[in-house]
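In our numbering, the protein residues as written are 5 to 339.
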């Protein structure tokens, strides 16, 4: 496996000792299923909504998506401008709908949005399905916030990540709204599907566009019956023992992440004293540094997860109480 971090497997030193072989019997444990722990006697007779807003379709029954494929896309200048306009209009409609809900609006948000003539012209050019999606998203966020005794916030144009949602029929022939975007093209980092039976999303994150395609991936059963116990740490990211071998993932590799984080902190501290033009370049460099740190951490997590789930049937993980892992009396913090 090609990776930037180390991965080492070593046999147990005390081979003469009689260790019991750790295995998982198929008659005792199940891989992909679990039993429902709810109490059927106390279950309410009230019916709940079990499907999402986009689950209804005229086609054959489709499986609920269990994965999302996120692909980097590169639109041309005109398409980038159009997508940014859609994004701003989507945010404007969302904030308007949320404001109506906070003031006690009880009617149909979508109907009120269609009849609202106070929107600017660039908001009126937003496709009708996206206005519906913005109203539905605001309604869902408002209900969830009230259920959790919280407060929902408005969308900000300064947010590092912004999303626009599309219905099932909005993505056709490998693009969104082929008639509206005729003559406007974009490139992708990898092949993208021509059609999608699920609702799609466009994400604008730190100046980069990403296309999100929900999909259903068949779950493959692990062919091994082995069991492993993992112990997370700082100097060694994961240490595992399966009864025969000791697995060490990321031993001493935290140093690279610490160096990048230290360089990022130094860059941010020098940013406040730099001239205006230089601050702009330094902010872009800081964004690239954050993306690099997140990429290598995600690469470590994904490859370690893939190795473990393909090699072991049952994995024991301790509770990650990180606050208790820190020895406060011996901390070395620059004050």
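Ideal Cβ positions, reconstructed from N, Cα and C, are used throughout, including at glycine.
{"Query": "CA-CA distance, residue 254 and residue 270?", "Result": "25 Å"}
{"Query": "State the beta-bridge partners of residue 180 as determined by DSSP.", "Result": "175"}
{"Query": "Could you check whether residue 69 and residue 218 sit closer than 7 Å to each other, using their CB atoms as the reference points?", "Result": "yes"}
{"Query": "Name the DSSP beta bridge partners of residue 216, please?", "Result": "74 and 205"}
{"Query": "Using three-state DSSP, classify residue 224 as helix, strand or coil.", "Result": "coil"}
{"Query": "Per DSSP, which one or two residues make a beta bridge with residue 318?", "Result": "231"}
{"Query": "Flag this pair as touching only if the stretch 97–105 and the stretch 123–143 have three or more C-beta atom pairs under 8 Å; answer yes or no.", "Result": "yes"}
{"Query": "Using a 10 Å radius around the Cβ and a threshold of 16 neighbouring Cβ atoms, would you call residue 79 buried or exposed?", "Result": "buried"}
{"Query": "Suppose you measure from the CA of residue 210 to the CA of residue 229; what does that come to, to the nearest Å?", "Result": "44 Å"}
{"Query": "Rounded to whole angstroms, what is the Cα-Cα separation between residue 185 and residue 191?", "Result": "14 Å"}
{"Query": "What first and last residue would you give for the alpha helix (DSSP H) that runs through residue 116?", "Result": "113–118"}
{"Query": "Locate the alpha helix (DSSP H) running through residue 130, then write down its first and last residues.", "Result": "Segment: none, residue 130 is in no alpha helix (DSSP H) and carries neither H nor E."}
{"Query": "I'd like to check one pair, residue 232 with residue 316: are the Cβ atoms closer than 7 Å?", "Result": "yes"}
{"Query": "Which partner residues does residue 11 have in the DSSP bridge list?", "Result": "253"}
{"Query": "Under the DSSP definition of a beta bridge, which residues are partnered with residue 190?", "Result": "79"}
{"Query": "Apart from the five residues just before and just after residue 1, which ones in its own chain have a Cβ nearer than 8 Å to its Cβ?", "Result": "The requested residue 1 does not occur in the structure, where the chain is confined to residues 5 to 339."}
{"Query": "Going by beta carbon distance, what residues of the same chain come within less than 8 Å of residue 115, once the five residues before and after it are set aside?", "Result": "none"}
{"Query": "Would DSSP call residue 68 helix, strand or coil?", "Result": "coil"}
{"Query": "Kindly identify the DSSP beta-bridge partner or partners of residue 244.", "Result": "234 and 251"}
{"Query": "In the DSSP assignment, what residue or residues form a beta bridge with residue 165?", "Result": "209"}
{"Query": "For residue 290, which three-state DSSP category applies?", "Result": "helix"}
{"Query": "Just the Cα atoms here: how many angstroms apart are residue 246 and residue 13?", "Result": "11 Å"}
{"Query": "Within 10 Å of its beta-carbon, does residue 179 have 16 or more other beta-carbons around it, so buried, or fewer, so exposed?", "Result": "buried"}
{"Query": "Are residue 300 and residue 194 closer than 7 Å when you measure CB to CB?", "Result": "no"}
{"Query": "State the DSSP-derived secondary structure class of residue 155, mapped to helix, strand or coil.", "Result": "coil"}
{"Query": "With DSSP run on the structure shown, which of helix, strand or coil describes residue 93?", "Result": "helix"}
{"Query": "Could you pull out every residue in the same chain whose Cβ sits closer than 8 Å to the Cβ of residue 146, ignoring the five residues on either side in sequence?", "Result": "102, 105, 106 and 156"}
{"Query": "Counting along the chain, where does the alpha helix (DSSP H) carrying residue 276 start and finish?", "Result": "Here residue 276 belongs to no alpha helix (DSSP H), and DSSP marks it neither H nor E."}
{"Query": "How long is the line joining the alpha carbons of residue 235 and residue 15, rounded to whole angstroms?", "Result": "17 Å"}
{"Query": "What residues in its chain sit with their C-beta under 7 Å from that of residue 126, if we drop five residues either side in the sequence?", "Result": "89 and 93"}
{"Query": "Which of the three DSSP states, helix, strand or coil, is assigned to residue 258?", "Result": "helix"}
{"Query": "Find out if the Cβ-Cβ distance for the pair residue 201, residue 73 is shorter than 7 Å.", "Result": "no"}
{"Query": "Can you give me the Cβ contacts of residue 260 inside the same chain, cut-off strictly under 8 Å, excluding the 5 residues immediately before and after it?", "Result": "8 and 300"}
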